[in-house]
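>
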Amino acid sequence: MKVLVTGSAGFIGHNLSNKLLSNGHQVIGVDNLNNYYDVNLKKARLARLTSQEGYVEACVDISDDEAIMDLFADHKPTHVVNLAAQAGVRHSLIDPWTYTRSNINGFLSILEAARKHPVEHLVFASSSSVYGANQHMPFSVHESAEHPVSLYAATKKANEMMAHNYAHLFDIPSTGLRFFTVYGPWGRPDMALFLFTKAILEGRPIEVFNFGKMQRDFTYVDDIVGGVFELLGIPPSKDEDWDPVNPDPSTSGVAPYRILNIGNAKSEQLMRYIEVLELKLGREAQKDMMPIQEGDVPATWADASDLTKLTGYKPDTPIEVGVGRFVDWYVEFYGVEL
């Protein structure tokens with residue numbers, strides 16, 4: 451495969467690109483290296499990719515539609531994985547315009563380029579946050595998700611609708627993946643595990659929202675990458691059993707389109723997550739117990755059975771293993787002594 455990966459200097463994009471390269475595929479990596487967080491971390495990720503044969507780097511913003519069109523024309527990717535986005539639920543309360551530029555306009559650039567330069571499969575990142583006010587768990591792609599509670603979630607839901615439209619009109623096989631709380635080595639500094647680790651090592655208190663009564667389906671990054679990798683070679687087709695009178699929101703009878711959850715299929719207490727981190731660090735965290743933040747949800751839990759049925763792949767890394775691997779990476783990368 452020749453895979454165009456947007457967000458290739460990002461947390462998931464860098465890990466996916468590395469897996470593709472190690473399996474003999476070509477990667478066109480697209481990233482604008484913005485300063486939402488430490489650019490040096492992004493450059494360190496990129497350095498792991500640019501040293502490998504088969505990797506081509508393009509420093510491009512996906513909302514630059516002309517540059518994206520030129521990339522497709524020049525490189526003719528067979529597959530596309532769109533991971534570039536303005537991430538973070540809380541930041542969307544501060545800078546909403548960045549979310550529409552990157553997540554809406556940027557995704558439209560990808561869709562238009564795939565329309566003009568057809569690909570075998572477009573895979574794009576959605577998010578568990580689209581479930582919003584839903585409380586029936588585990589969250590299922592076969593149930594509606596029409597009540598997002600953050601702008602970030604709304605942009606991801608919009609991506610799903612945009613992809614269906616382009617799949618229908620222009621026959622672009624498209625799979626949207628709702629990621630559930632991804633964590634692991636090379637993670638973003640604004641993610642909870644990174645923030646907790648840094649604060650504990652520096653002797654500062656950690657902020658624990660919803661007074662610790664949060665639950666998350668924590669999914670190790672390699673499990674996310676493994677699922678994406680397995681799916682790339684399995685493009686969707688129109689669902690012949692789709693009922694327009696009682697439509698399944700996860701598939702379509704009029705477009706080669708599907709939505710899948712990708713998570714560990716296990717909801718963990720936030721306080722247990724913190725306890726595992728404390729044990730790994732050998733230090734107890736000072737905890738500032740705080741109310742839930744606007745735009746956040748108290749619990750997530752993925753029904754990922756469709757992914758397993760389709761690919762045979764099942765994310766299963768326990769937090770005891772995944773958190774340990776993150777700490778090992780953090781200590782080595784930042785030169786910290788425990």
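Mapping to my numbering: the sequence shown position 143 is 593, numbers consecutive.
Even glycine gets a Cβ: it sits at the ideal position worked out from N, Cα and C.
Would you please state the rounded distance, in angstroms, between the beta carbons of residue 776 and residue 581? I believe it to be under 8 Å.
For this step, residue 776 is matched to residue 326 along the sequence shown. For this step, residue 581 is matched to residue 131 along the sequence shown. Not a contact, Cβ separation roughly 25 Å.
> Taking the continuous alpha helix (DSSP H) assigned at residue 642, which residues delimit it?
Taking the sequence shown and counting its residues from 1, one reaches residue 642 at position 192. Its alpha helix (DSSP H) spans residues 642-651.
> Could you tell me which of 527, 536, 519 and 461 sits nearest to residue 499, measuring between CA atoms?
Here residue 499 refers to the residue found at position 49 when the sequence shown is read from its first residue. It is 461 whose Cα lies nearest to the Cα of residue 499.
> Could you name the residues that DSSP lists as bridge partners for residue 482?
Walking along the sequence shown from the start, residue 482 turns up at place 32. DSSP, once it has assigned bridges, lists no residue as partnering residue 482.
> Using only the alpha-carbon positions, how far apart do residue 661 and residue 522 sit?
Here residue 661 is taken as the residue at index 211 of the sequence shown, counted from 1. Here residue 522 is taken as the residue at index 72 of the sequence shown, counted from 1. Between residue 661 and residue 522, the C-alpha separation is close to 48 Å.
> State the DSSP-derived secondary structure class of residue 721, mapped to helix, strand or coil.
Along the sequence shown, read from residue 1 onward, the residue named residue 721 stands at position 271. Three-state DSSP puts residue 721 in a helix.
> Between the alpha carbons of residue 406 and residue 709, how many angstroms are there, rounded?
For the chain, the structure presents residues 451 to 788; residue 406 sits outside this window and is missing.
> Using a Cβ cut-off of 8 Å (strictly closer), state whether residue 711 contacts chain C.
Absent here is chain C; the protein component of the structure consists of one chain.
> Just the C-alpha distance for residue 773 and residue 668, rounded to the nearest angstrom, thanks.
Against the sequence shown, residue 773 aligns to sequence position 323. Against the sequence shown, residue 668 aligns to sequence position 218. For residue 773 and residue 668, the distance between alpha carbons rounds to 10 Å.
> By how many angstroms is the C-alpha of residue 583 removed from the C-alpha of residue 752?
Looking up residue 752 in the sequence shown gives position 302. Looking up residue 583 in the sequence shown gives position 133. Looking at the two C-alpha atoms, the distance is approximately 15 Å.
> Would you mind sorting residue 684 into buried or exposed? The rule is 16 or more other CB atoms within 10 Å of its CB.
Walking along the sequence shown from the start, residue 684 turns up at place 234. So residue 684 ends up on the exposed side.
> Under the rule that 16 or more other beta-carbon atoms within 10 Å means buried, what is residue 497, buried or exposed?
Position 47 of the sequence shown, counted from the start, is the residue given in the question as residue 497. When all chains shown are included, residue 497 counts as exposed.
> Going by DSSP, name the residue or residues bridged to residue 629.
Start at 1 with the first residue of the sequence shown, and residue 629 comes out as number 179. In the DSSP output, where bridge partners are listed per residue, residue 629 has 577 and 712.
> On a Cα-Cα basis, can you pick out the residue from 590, 592, 574 and 635 that is closest to residue 494?
Translated into the one-based positions of the sequence shown, residue 494 becomes position 44. Among 590, 592, 574 and 635, the Cα nearest to that of residue 494 is on 635.
> Measuring alpha carbon to alpha carbon, tell me which residue in 782, 482 and 679 is nearest residue 391.
Past the boundaries of the shown model lies residue 391; the chain is included only from 451 to 788, so the question cannot be answered.
> Short of 6 Å in beta carbon distance, which residues of its chain neighbour residue 476, apart from the five on each side in sequence? Order them along the chain.
Along the sequence shown, read from residue 1 onward, the residue named residue 476 stands at position 26. So the qualifying residues of the chain are 452 and 504.
> Can you grab the Cα-Cα spacing for the pair residue 693 / residue 699, in whole Å?
As a first step, residue 693 is located in the sequence shown; it is residue number 243 there, counting from the start. As a first step, residue 699 is located in the sequence shown; it is residue number 249 there, counting from the start. For residue 693 and residue 699, the distance between alpha carbons rounds to 10 Å.
> Three-state secondary structure (DSSP) at residue 517?
Indexing the sequence shown from 1 puts residue 517 at position 67. If DSSP states are grouped into helix, strand and coil, residue 517 belongs with the helices.
> Between the Cα of residue 479 and those of 716, 488 and 510, spot the shortest distance and give me the residue it belongs to.
Walking along the sequence shown from the start, residue 479 turns up at place 29. Minimum Cα distance to residue 479 is reached at 510.
> Among 472, 623 and 682, whose alpha-carbon lies nearest the alpha-carbon of residue 757?
For the purposes of this step, residue 757 is identified with residue 307 of the sequence shown, where counting begins at 1. Residue 682 is the option with its Cα nearest to residue 757.
> Which same chain residues end up closer than 6 Å to residue 620 when comparing Cβ atoms and leaving out the 5 residues on each side of it in sequence?
For the purposes of this step, residue 620 is taken as the residue at position 170 of the sequence shown. Taken in chain order, the residues that qualify are 565.
> In whole angstroms, what separates the C-alpha of residue 526 from that of residue 572?
In the sequence shown, counting from the first residue as 1, residue 526 sits at position 76. In the sequence shown, counting from the first residue as 1, residue 572 sits at position 122. Distance between the alpha carbons of residue 526 and residue 572 is about 13 Å.
> Indicate whether residue 637 and residue 645 have their beta-carbon atoms separated by less than 8 Å.
Against the sequence shown, residue 637 aligns to sequence position 187. Against the sequence shown, residue 645 aligns to sequence position 195. Not in contact: residue 637 and residue 645 (Cβ atoms no closer than 8 Å).
> Could you say which of 767, 456, 647 and 585 lies nearest to residue 518 if we only look at CA atoms?
The sequence position of residue 518 within the sequence shown is 68, counting from 1. Checking every option, the nearest Cα to that of residue 518 belongs to 456.
> Using a Cβ-Cβ cutoff of less than 7 Å, which residues in the same chain neighbour residue 737 once the five nearest sequence positions on both sides are dropped?
On the sequence shown, position 287 is the one that residue 737 refers to. Closer than 7 Å at Cβ, skipping near neighbours: 655, 656 and 658.
> Quick test of your reading: residue 605 and residue 549, contact by CB under 8 Å. State the CB separation rounded to the nearest angstrom.
Counted from its first residue, the sequence shown places residue 605 at position 155. Counted from its first residue, the sequence shown places residue 549 at position 99. Sure, about 5 Å apart at Cβ, within 8 Å.
> Count the other CB atoms within 10 Å of the CB of residue 473; is the residue buried (16 or more) or exposed (fewer)?
Looking up residue 473 in the sequence shown gives position 23. Residue 473 should be labelled exposed.
> Look at the alpha carbon of residue 730 and the alpha carbon of residue 673, and state the distance between them as a whole number of angstroms.
By 1-based counting over the sequence shown, the position of residue 730 is 280. By 1-based counting over the sequence shown, the position of residue 673 is 223. In a straight line, the C-alpha of residue 730 is about 21 Å away from that of residue 673.
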